[in-house]
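Engineer: Before anything else, here's the structure in question.
Protein chains in written order, with the numbering used here: chain A, 1 to 116; chain B, 117 to 337.
Pasting the structure below:
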């Protein structure tokens with residue numbers, strides 16, 4: 001069994017992009033398309049379309065440097081799986097996104113209680 | 117348990133191959149097929165699994181066309197509101213001097229049509245062309261161009277028809293009741309579809325040559 005690995009880069013990260021990157025990190029060596037889609041749905045607690053995930057993956061790959069390797073064959077399927085890892089710059093982008101969110105929420109307690 | 121013989125609709129699989137980039141083409145199809153066989157078809161049955169697969173492919177298509185489709189939809193709404201509002205009648209032109217050349221150009225550019233059909237103005241053409249070009253640059257396939265452009269046109273026409281039917285419900289009912297009207301509406305759909313497919317093909321050829329040229333530059337760098 002062999003695998004091709006594509007690296008996922010950094011940049012401005014929206015919510016779905018963050019979910020995709022975190023899904024890749026959480027899945028580790030099992031981070032391929034279908035598993036990422038299911039993990040993103042689990043994290044966002046809602047149905048996420050393949051279009052949102054593949055569009056995000058495509059945008060992230062545009063800033064990536066695909067590593068040479070070979071593909072892992074799927075059981076029962078014809079097409080090979082493509083695995084992803086998050087690069088250092090991708091991790092920095094996630095840290096920046098978390099830091100920005102923490103900065104915005106500084107001084108507030110979650111969940112908010114607003115008097116009406 | 118995987119049913120290795122279960123397959124989603126062939127046309128949906130073929131459509132997916134036209135909508136994703138070269139690196140994703142094999143993997144996206146494999147991922148969706150694996151989910152279809154392993155999780156969807158065994159639990160919800162073939163029909164609902166097929167609908168799920170079609171929905172995933174359409175969301176990928178929407179990601180390619182949404183800027184142009186949204187622009188065209190807003191334009192179609194504006195057109196429907198101005199043309200189909202109750203009490204609106206086309207002005208009687210007997211004895212009126214023909215429009216000047218500038219007025220004619222403005223009419224074409226603003227939402228006039230070269231021919232008397234919606235969805236074939238120069239503005240519409242630009243929307244089809246750039247939407248198709250954007251799609252082809254992503255996938256590297258010429259056939260993505262006409263596909264994406266025609267889908268954009270279909271969205272615009274759908275919004276126009278839905279808006280017209282909402283403003284003038286009798287029009288929608290008449291279309292279904294009278295075959296001649298249905299034929300006319302079909303022609304009004306076929307004209308922009310053909311126009312958009314032609315522009316999409318042109319965008320596809322240009323986009324594909326840029327895609328290939330970009331790859332050569334990247335390899336030589």
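C-beta: ideal position from N, C-alpha, C; glycine also.
(1) Taking 8 Å as the CB-CB limit, is residue 80 of chain A close to chain B?
(2) What does DSSP give as the partner residues of residue 32 of chain A in its beta bridges?
(3) What would DSSP say about residue 98 of chain A, mapped onto helix, strand or coil?
(4) From residue 325 of chain B to residue 277 of chain B, what distance separates their C-alpha atoms?
(5) Where does the unbroken alpha helix (DSSP H) through residue 108 of chain A begin, and where does it stop?
(6) Under the rule that 16 or more other beta-carbon atoms within 10 Å means buried, what is residue 64 of chain A, buried or exposed?
(7) In this structure, does DSSP put residue 65 of chain B in helix, strand or coil?
(8) Give me the residue from B:321, B:240, B:301 and B:268 with the minimum Cα distance to residue 252 of chain B.
(9) Output yes or no for whether 8 Å exceeds the beta carbon distance between residue 94 of chain A and residue 22 of chain A.
(10) Excluding sequence positions up to five away, which residues of its chain have a Cβ less than 6 Å from the Cβ of residue 312 of chain B?
(11) Could you name the residues of the region 14-48 of chain A whose beta carbon sits closer than 9 Å to any beta carbon of chain B, in the order they occur along the chain?
(12) Can you list, in chain order, the residues of its chain whose CB lies under 7 Å from that of residue 291 of chain B, leaving out five sequence neighbours each side?
(13) I'd like to know whether the C-beta of residue 81 of chain B is nearer than 8 Å to at least one C-beta of chain A.
(14) Quick check on residue 92 of chain A: does DSSP put it in helix, strand or coil?
(15) May I have the straight-line CA-CA distance separating residue 154 of chain B from residue 53 of chain A, to the nearest angstrom?
(16) Going by DSSP in three states, residue 171 of chain B sits in which element: helix, strand or coil?
(17) Measuring CB to CB, does residue 236 of chain B end up less than 8 Å from residue 307 of chain B?
(18) What whole-angstrom Cβ distance do residue 44 of chain A and residue 80 of chain A have, given they're in contact under 8 Å?
(19) Three-state secondary structure (DSSP) at residue 310 of chain B?
(20) Among A:47, A:27 and A:83, which residue has its Cα nearest to the Cα of residue 143 of chain B?
(21) Roughly how many whole angstroms lie between the Cα atoms of residue 158 of chain B and residue 240 of chain B?
(22) Below 8 Å on the Cβ atoms is my contact criterion, and I expect residue 255 of chain B with residue 136 of chain B to pass it. Report the Cβ-Cβ distance as a whole number of Å.
Structural biologist: Let me lay it out:
(1) Stepping through the first chain from its first residue, residue 80 of chain A is reached at position 80. For residue 80 of chain A, the answer is yes, since a Cβ of chain B falls inside 8 Å of its Cβ.
(2) Taking the first residue of the first chain as position 1, residue 32 of chain A is located at position 32. BP columns for residue 32 of chain A point to A:83.
(3) For this step, residue 98 of chain A is matched to residue 98 along the first chain. Note: residue 98 of chain A maps to helix in three-state DSSP.
(4) Numbered from 1 along the second chain, position 209 holds the residue referred to as residue 325 of chain B. Numbered from 1 along the second chain, position 161 holds the residue referred to as residue 277 of chain B. Those two C-alpha atoms are separated by around 36 Å.
(5) For this step, residue 108 of chain A is matched to residue 108 along the first chain. That residue, residue 108 of chain A, is in no alpha helix (DSSP H); it is neither H nor E in DSSP.
(6) The count along the first chain starts at 1 and reaches residue 64 of chain A at position 64. Here residue 64 of chain A scores only 43 on pLDDT, less than 50, and its place in the model should not be relied on; the value that follows carries that caveat. So residue 64 of chain A ends up on the buried side.
(7) Any question about residue 65 of chain B goes unanswered here, given that chain B covers just 117 to 337.
(8) Against the second chain, residue 252 of chain B aligns to sequence position 136. Checked all of B:321, B:240, B:301 and B:268; the closest Cα to residue 252 of chain B is B:321.
(9) The residue labelled residue 94 of chain A in the question sits at position 94 within the first chain. The residue labelled residue 22 of chain A in the question sits at position 22 within the first chain. Closer than 8 Å, so yes.
(10) Against the second chain, residue 312 of chain B aligns to sequence position 196. Closer than 6 Å at Cβ, skipping near neighbours: 244, 265, 266 and 269.
(11) 32, 33, 34, 35, 36, 37 and 38
(12) Counting from 1 along the second chain, the entry for residue 291 of chain B is found at position 175. Result list for residue 291 of chain B: 297, 298 and 301, in chain order.
(13) A question about residue 81 of chain B goes unanswered here, because the residues of chain B that appear run from 117 up to 337.
(14) In the first chain, residue 92 of chain A corresponds to position 92, counting from 1. Looking at residue 92 of chain A - three-state DSSP - the assignment turns out to be helix.
(15) Mapped onto the second chain, residue 154 of chain B falls at position 38. Mapped onto the first chain, residue 53 of chain A falls at position 53. Each residue's alpha carbon lies about 19 Å from the other.
(16) The count along the second chain starts at 1 and reaches residue 171 of chain B at position 55. It is helical.
(17) Here residue 236 of chain B refers to the residue found at position 120 when the second chain is read from its first residue. Here residue 307 of chain B refers to the residue found at position 191 when the second chain is read from its first residue. Yes, the pair counts as a contact, with Cβ atoms nearer than the cut-off.
(18) Stepping through the first chain from its first residue, residue 44 of chain A is reached at position 44. Stepping through the first chain from its first residue, residue 80 of chain A is reached at position 80. Going by Cβ atoms, the distance from residue 44 of chain A to residue 80 of chain A rounds to 27 Å, so no, they are not a contact pair.
(19) Your numbering for residue 310 of chain B matches position 194 in the second chain. In this structure, residue 310 of chain B counts as helix in the three-state DSSP scheme.
(20) Along the second chain, one-based indexing puts residue 143 of chain B at 27. Checking every option, the nearest Cα to that of residue 143 of chain B belongs to A:83.
(21) Working through the second chain from its first residue, we reach residue 158 of chain B at position 42. Working through the second chain from its first residue, we reach residue 240 of chain B at position 124. If I take the Cα positions, the gap works out to 44 Å.
(22) As a working mapping, residue 255 of chain B is identified with position 139 in the second chain. As a working mapping, residue 136 of chain B is identified with position 20 in the second chain. Right, their Cβ atoms sit about 6 Å apart.
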